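Trainee: Supplied in structure tokens, the structure appears directly below.
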Amino acid sequence: MSNYDRIYAVVCQIPYGKITTYGLVAELAGLPGRARLVGYALYRVAPDSDIPWHRVINAKGQVSGSPVRHGSDHLQRSRLEAEGIQFDPQGRIHLPDYLWLPED
DNA sequence: GCCATGACGGAGC
DNA sequence: TGCTCCGCCATGG
């Protein structure tokens, strides 16, 4: 059981229509302050994976993504919009409205 | 084994 | 509000 396995496990718990941040995922996975590892873990996940990686964004409420990857960032935004999540004109999300909490 | 890098976060300006 | 710098640590050359 590696840290990545815990990260994936947490991401899989995110319900439909909800999102969370890298830092929160890291904390729930038992890796407080290791947000970068979460990003790195999701970076290694295939876009067609069964893991809802698209529901994880940064603390700024903005969709990230490596420019080098083939439009994975666009794919993420599309999937989020498909789940009813609204984006601001600047491409940002109002976190408090969609942020997932384990208590829910 | 060392060095540079990166889907981040937070503090400082 | 937006940009820069630093800390964190796994991965790849």
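Residue 1 is where the first sequence starts when you use our numbering, and the numbers rise one by one after that.
The beta carbon of each residue, even a glycine, is placed where N, CA and C say it ideally should be.
Quick caveat, the model's predicted, so the values are computed rather than measured.
#1: In angstroms, rounded to a whole number, what distance separates the CA positions of residue 31 and residue 59?
#2: Measuring only the C-alpha atoms, how far is residue 4 from residue 57?
#3: Is the stretch 4-24 touching the stretch 38-49, taking contact as three or more C-beta pairs under 8 Å?
#4: Could you compute how far the alpha carbon of residue 6 sits from the alpha carbon of residue 79?
#5: Who are the near neighbours of residue 16 in its chain, counting only those whose CB is closer than 8 Å to its CB and skipping five residues on each side?
#6: Check residue 6 in the structure and name its three-state DSSP category.
Mentor: Quick look at the numbers:
#1: 16 Å
#2: 17 Å
#3: yes
#4: 23 Å
#5: 83
#6: helix
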